[in-house]
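Worksheet: one structure, shown below.
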Amino acid sequence: MGFLLAAVGSAVGLGNIWRFSYITYANGGGAFLIPYFTALITAGIPLLLLEFSLAHRFKGSAPAAYSKVGPKWEWLGWWAVVFVMFGIELYYMAIISWCLNYFFLSFGLKWGVDPNSFFFKTFLGLSSSPIKLGSIRPPIALGLTAIWFLTWIISYRGIQKGIELANKIFMPLLFVLTAILVLWSMNLKGSALGIKAYLEPDFKKLTHPKVWIDAYSQIFFTLSLAQGIMIAYASYLPEKANLTRDAITVSLMNCGYSIFAGFAVFSTLGFMATVQGKPIDAVVSQSIGLAFVAYPEAVSLMPWGSMFGAIFFFCLVVAGLSSSISLMEAFISAYIDKFGSNRKKVTTVTSIIGLLGGMVFTTQGGLHWINIVDHFITDYGLVLSGLLESVMIGWVLGTGILRDHMNDLSSVKVGTWWDISIKYIVPAVLGVIFIEAIYSGFSRPYHGYGWGEVFAIGGGWLAATVIVATALSSRPWNR
Ligand code: TRP
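Per the working numbering: the sequence shown ends with 481, consecutive numbering throughout.
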């Protein structure tokens with residue numbers, strides 16, 4: 003149970019709340035569920051099965067497990083956990099700090115009548131370009147410190163008393179609070195308008211390749227795949243483990259949560275459109291714009307809005323924390339596996355480095371840095387990591403060993419469809435996504451930034467993860 007909830011805790015994150023419903027809306031509403039579940043069955047569940055069985059069979063985190071496939075592959079395992087820890091985790095924590103700040107700001111609706119300029123000007127104090135860092139924003143830095151402290155203390159307490167216990171509290175809490183938001187928002191006037199926009203199927207959209215690409219990318223991010231995360235968690239499973247059933251449970255809970263949370267998001271947007279007399283398209287937004295501009299605005303229009311806002315931002319903090327613990331664990335367990343170090347020491351040092359390194363995202367240029375680093379790490383790094391992972395298992399190790407291992411232990415047996423997925427479908431899909439990302443990333447400057455700053459910051463950050471991964475993988479094993 004602890005493992006299941008921790009894996010769900012990792013999968014369910016900010017992306018489920020602020021990304022899924024928008025992607026569904028933009029890609030054909032209810033019709034999008036067809037590519038979405040196709041992606042889940044042909045790539046998401048197969049990769050999750052791969053990671054669970056690899057970690058369980060070779061009893062180790064990504065670098066340890068990959069090195070058993072062949073010493074040359076150890077590097078890939080390090081790269082994944084290094085860019086997750088020192089790339090994604092660092093800015094992910096800064097965003098959770100914003101959510102924590104907004105949780106407190108909800109009481110009293112501190113953003114007033116113009117949440118847009120409150121967020122960008124007053125809260126972030128956003129600079130005009132990434133090379134203008136300006137100063138650190140004290141409330142964001144303070145929130146970051148608090149979030150790092152929580153993550154540190156949970157990891158420090160170990161797997162059972164820390165990570166499992168935290169998720170046994172966080173996940174039920176998150177589901178209850180989300181249910182409150184869904185019921186509450188569906189009772190607001192205009193909510194039906196929003197839900198119609200969210201789910202009304204437009205089957206014509208399914209002929210656009212981009213819709214399918216979006217479905218596969220979303221599945222891949224949401225299940226925390228190719229980042230050494232699920233590998234780290236599954237390496238702690240006992241000898242007897244129902245691997246296939248667990249993988250199916252985790253993915254269904256994760257995707258079910260996304261669909262469910264979408265009702266709260268779109269009911270609220272429908273309410274706002276109705277009150278303001280605007281068409282729904284004019285209020286729909288995603289990610290940062292949804293959480294820090296649209297939602298604060300909607301909340302200021304509803305009775306008891308402070309309370310609604312506080313619950314919403316609390317959900318984001320809880321969903322974010324349970325994911326951030328898992329991002330850090332991918333690295334920590336890898337480090338302990340290789341160097342035999344003491345968990346408490348590794349956790350403390352890693353958290354301090356993470357807090358200090360993440361300070362750049364709390365400056366006035368922070369949002370620009372988040373955009374650029376996220377683009378390089380997730381659009382290029384992560385996709386490449388998944389592609390190589392599936393090639394490694396499908397073509398180097400061979401799928402037979404892991405399939406036999408899963409089938410020996412599990413109640414649901416896996417057939418040749420799994421081999422086909424790992425050998426052909428996953429590499430092909432990720433190959434297409436990678437080429438598309440390179441093509442669109444290089445055809446116009448990202449987000450309107452200059453080429454120089456994009457490559458210096460994003461390319462530099464990605465290159466640094468390559469150097470650190472190389473250094474770590476070249477050290478001798480201490481087991
Ligand atoms: N799966 C979670 C989410 O959807 C958390 C997460 C793990 C994540 N790895 C990520 C989010 C990489 C963004 C990028 O939010």
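Heads up, the beta-carbon is just placed ideally off N, CA and C, and yes, glycines get one too.
Residue pairing of Ile138 in beta bridges, as defined by DSSP: Thr365. Ile233 is not a Cβ neighbour of Ser328, given a cutoff of 8 Å. Selection Ser412, Met3, Tyr27, Val428 evaluated against Ile171 yields Met3 as nearest (Cα-Cα). Comparing alpha-carbon positions, the option among Phe54, Val319, Ile197 lying closest to Asn103 turns out to be Val319.
In the three-state reduction of the DSSP assignment, Glu202 falls in the coil class, being assigned neither a helical nor a strand state. The beta carbon of Leu111 sits closer than 8 Å to those of Pro298, Val301, Ser302, Gly307, Ser308, Gly311, all from its chain and outside the five residues before and after it, given in chain order.
For ligand 1, a non-hydrogen atom lies closer than 7 Å to the CB of Gln229.
Here the alpha carbons of Val115 and Ala148 stand approximately 29 Å from one another.
Per the coordinates, the alpha-carbon of Pro132 lies some 11 Å from the alpha-carbon of Gly450. In its chain, beyond the 5 residues on either side, Gln220, Thr224, Ser260, Ile261, Ala263, Gly264 have a beta carbon closer than 8 Å to the beta carbon of Phe22.
For Lys280, the secondary structure class from DSSP, reduced to helix, strand or coil, is coil. For Val83, the three-state secondary structure derived from DSSP is helix.
Look at Glu241 here: in three-state DSSP terms it is coil, with no helix or strand label. Between Tyr238 and Ile161, the C-beta gap is smaller than 8 Å, which places the two residues in contact.
In this chain, the alpha helix (DSSP H) harbouring Leu357 covers 345-360.
Counting only residues of its own chain and dropping the five nearest sequence neighbours on each side, Trp75 has a CB closer than 6 Å to the CB of Tyr68, Met394. Under a 10 Å Cβ-count criterion, His210 is classified as exposed, with fewer than 16 other Cβ atoms of the shown protein chains found around its own Cβ. The beta carbon of Gly72 sits closer than 7 Å to those of Val398, all from its chain and outside the five residues before and after it, given in chain order.
Ser269 carries a helical assignment under DSSP once its states are collapsed to helix, strand and coil. Across the structure, Pro37 and Lys212 are spaced so that their CA atoms are roughly 11 Å apart.
Residue state for Trp453 is assigned as helix, using DSSP reduced to three classes.
Comparing alpha carbon positions, the residue from Gly383, Glu391, Phe316, Phe294 closest to Phe120 is Phe294.
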